[in-house]
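Heads up: the sequence shown begins at 0 in the numbering used here, then just goes up one per residue.
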Amino acid sequence: MKKFLVFLWKLLLFVQKLIMVAGGCLVGALIFVEVFLRYVLGSPLFGVEELILFTAIWLYFIGAAYGAYERTHIKAELIHLWFKSPRSRALVRSITGIITVFLAATMVKWSYPYFIWGLTRGATSQALLLPMVLCQSAIFFGSILMCLYFTTELIDNLRLSFGKNQVFAPLSGKDS
Numbered sequence: 000m001k002k003f004l005v006f007l008w009k010l011l012l013f014v015q016k017l018i019m020v021a022g023g024c025l026v027g028a029l030i031f032v033e034v035f036l037r038y039v040l041g042s043p044l045f046g047v048e049e050l051i052l053f054t055a056i057w058l059y060f061i062g063a064a065y066g067a068y069e070r071t072h073i074k075a076e077l078i079h080l081w082f083k084s085p086r087s088r089a090l091v092r093s094i095t096g097i098i099t100v101f102l103a104a105t106m107v108k109w110s111y112p113y114f115i116w117g118l119t120r121g122a123t124s125q126a127l128l129l130p131m132v133l134c135q136s137a138i139f140f141g142s143i144l145m146c147l148y149f150t151t152e153l154i155d156n157l158r159l160s161f162g163k164n165q166v167f168a169p170l171s172g173k174d175s
C-alpha cells in the first residue's frame, strides 16, 4: 500500500511538472508568435491573449502548489531569532501551519462552488469562446494541492515538535 501511495505521490508531482513545463513553453511560444506577427508582420493573431491568460492561470496555481510541496513558498519568519531549539521552532511552525492549512482549506471551500458554477453555467471567454471552467478548475485543483502539501508540512512540523522524525520531508527532498 505504501508503494502505491508513493507512486501516486510521484505521479501527481510528475503531472504538475509537466503542466508547468508545457505551460511555460506554450506561454513563451505564444508571446513570441504574437510579438512577431504584431510588430514584424503588422497583423496580430486573434485570441492569443486569451490563450496566454488561461495558461498563465494554470501556471500560477500549479506553481503555487508545487512551491507548497517543495516548502519554498514565500515565508517571512524570524523565529530563529527568538527560538533556538529545533523543537521550539517546530512548535511555532506547527502553529503557523495550522493557520495555513485552515486558510488553504477555506480557499478550497470557496473555490469549489465557483468551479461547480462554471460547470453548470457554461460561460465562455469573449474571443475564442473557450469554457471559463478551464480557468476556474485551475483555482480549485491548485487549492486542493496546496491544502494537501500544507497539511503534510504541518504533520512533519508537529512530529518534529514532539521529537519524532519527519514523514513527508523525505518525499520532497527537504529537511525543513
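Note that CB positions come from ideal geometry on N, CA and C, so glycine has one too. All of these numbers come straight from a predicted model, not from anything done at the bench.
Beta-bridge partners of threonine 123 (DSSP): Pro130. Linking serine 142 to leucine 36 through their CA atoms gives a straight-line distance of about 36 angstroms. Take the alpha-carbon of phenylalanine 149 and the one of tyrosine 38: they are about 44 angstroms apart. Contact check between the segment 57-64 and the segment 19-29: three or more CB pairs, one atom from each, fall below 8 angstroms, which counts as touching. In the DSSP annotation of this structure, the continuous segment of the alpha helix (DSSP H) that includes phenylalanine 60 starts and ends at 47-69. Comparing alpha-carbon positions, the option among Phe45, Leu157, Glu152, Val132 lying closest to threonine 71 turns out to be Glu152.
Residue state for glycine 22 is assigned as helix, using DSSP reduced to three classes.
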